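Trainee: Structure provided below as structure tokens; questions to follow.
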Amino acid sequence: SLFGGKMDNLDFGKVSVEEFGINAIEYVNQFFKDKAKDQAYLKEMKTRNDDLGVETLLIMCDGEGQLGDPDDAKRNQAVENHFKWVEATKYLGGHSIRVNAASAGEYEDQRKLAADGLRRLSEFAADFGLNVIVENHGGLSSNGKWLSTVIKDVGLKNCGTLPDFGNFHDYDRYLGVEELMPHAKAVSAKSHDFDADGNETRTDYFKIMKIVLDHGYNGYVGVEYEGSKLPEFEGIMATKRLLERVAEQS
């Protein structure tokens, strides 16, 4: 709805509460990409959410360059491009920015480059009391072992992960979540399709949520429907209902 222009980013909190009964949200920077430093706009976002009792958790940041770019100047620029989103997230009351650990080159080279960019951004975010969290989001970041090693290489408490159930591609999603959960500061329940019983057809939610909970995670789980069979709002509600069923049986 946001991409199609049917919904205004400023109404995201309102729709979340009224349509889904959800009062904690994650923003995507693409829907207000030129507003990161627009104090009047950010104030309007915050005021609307505060009035509704809606909590901003994080901002997902895309399109700001590769934090693991092999070119030093481009990597530095990518790090600096994210600074404004750290500041905006802090103002809105969030705890993290979600970033991508994109790089290029050999496995180990990408590991070092991504860790370098993430370390520098995390050092900046630490001054704001914010986390920098990496989602498995294509490339080597969808390899749980690689990404968990990168986070260990960064070695900062405020640099962690955001495991997404559906973004592992050919990598075992259960193994991937297991590897990323020790560093997780948010979790994304990706869904695509459901069977007649309301279970997700690609991911065993009971199995994967057991991994999440066994790691002592007690934060929010984001709902992210990317299917095409159900209308958008129905897919979101189907995902929420499935998570509620898992919670009841945990």
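In this note's numbering, each residue carries its 1-based index in the sequence shown increased by 1.
We treat Cβ as the ideally placed atom computed from N, Cα and C, and that holds for glycine.
Quantities reported herein were computed from a predicted structural model and do not represent experimental measurements.
Look at the alpha carbon of Ala25 and the alpha carbon of Lys146, and state the distance between them as a whole number of angstroms.
Mentor: Taking the straight line joining both Cα atoms gives about 30 Å.
Trainee: For Thr240, which residues of its own chain have a beta-carbon under 7 Å away from its beta-carbon, when the five flanking residues on both sides are left out?
Mentor: Taken in chain order, the residues that qualify are Ala190, Ser192, Val224, Tyr226.
Trainee: Please state whether DSSP places Asp205 in a helix, a strand or coil.
Mentor: Correct three-state label for Asp205: coil.
Trainee: With a Cβ-Cβ cutoff of 8 Å, do Leu157 and Ser123 count as a contact?
Mentor: Yes, Cβ-Cβ distance for Leu157 and Ser123 is below 8 Å.
Trainee: State the start and end residues of the unbroken alpha helix (DSSP H) segment that holds Met238.
Mentor: Counting along the chain, the alpha helix (DSSP H) containing Met238 begins and ends at 233-250.
Trainee: Are Asn133 and Leu114 closer than 8 Å when you measure CB to CB?
Mentor: Sequence check: residue 133 is Val here, not Asn. Not in contact: Val133 and Leu114 (Cβ atoms no closer than 8 Å).
Trainee: Can you tell me the Cβ-Cβ gap for Glu88 and Phe129, rounded? I've got them flagged as a contact below 8 Å.
Mentor: Confirmed, Cβ separation roughly 7 Å.
Trainee: Quick one: Cα of Met61 to Cα of Ala37, how far?
Mentor: Answer to the nearest angstrom: the Cα atoms are 12 Å apart.
Trainee: Mind checking Phe234: buried by the 16 CB within 10 Å criterion, or exposed?
Mentor: Result: exposed.
Trainee: Could you give the first and the last residue of the continuous alpha helix (DSSP H) run that contains Tyr226?
Mentor: Not the alpha helix (DSSP H): Tyr226 falls in the beta strand (DSSP E), residues 222-226.
Trainee: Would you list, in sequence order, the uninterrupted beta strand (DSSP E) runs of no fewer than 3 residues that lie entirely inside the segment 55-138?
Mentor: The segment 55-138 contains these whole beta strand (DSSP E) runs: 56-61, 97-100, 132-136.
Trainee: If we call anything under 8 Å between Cβ atoms a contact, is Met238 one with Ile212?
Mentor: No, the Cβ-Cβ distance between Met238 and Ile212 is not below 8 Å.
Trainee: Give the secondary structure of Leu157 by DSSP, where H, G and I count as helix, E and B as strand, and everything else as coil.
Mentor: Looking at Leu157 - three-state DSSP - the assignment turns out to be coil, as it is neither helix nor strand.
Trainee: Would Lys47 pass as a contact of Leu11 if the rule is Cβ separation under 8 Å?
Mentor: It is not a contact, given that the beta carbons lie outside the stated cut-off.
Trainee: So, using beta-carbon positions, are Tyr221 and Ala197 closer together than 8 Å?
Mentor: No; because the gap between Cβ atoms is not below 8 Å, this pair is not in contact.
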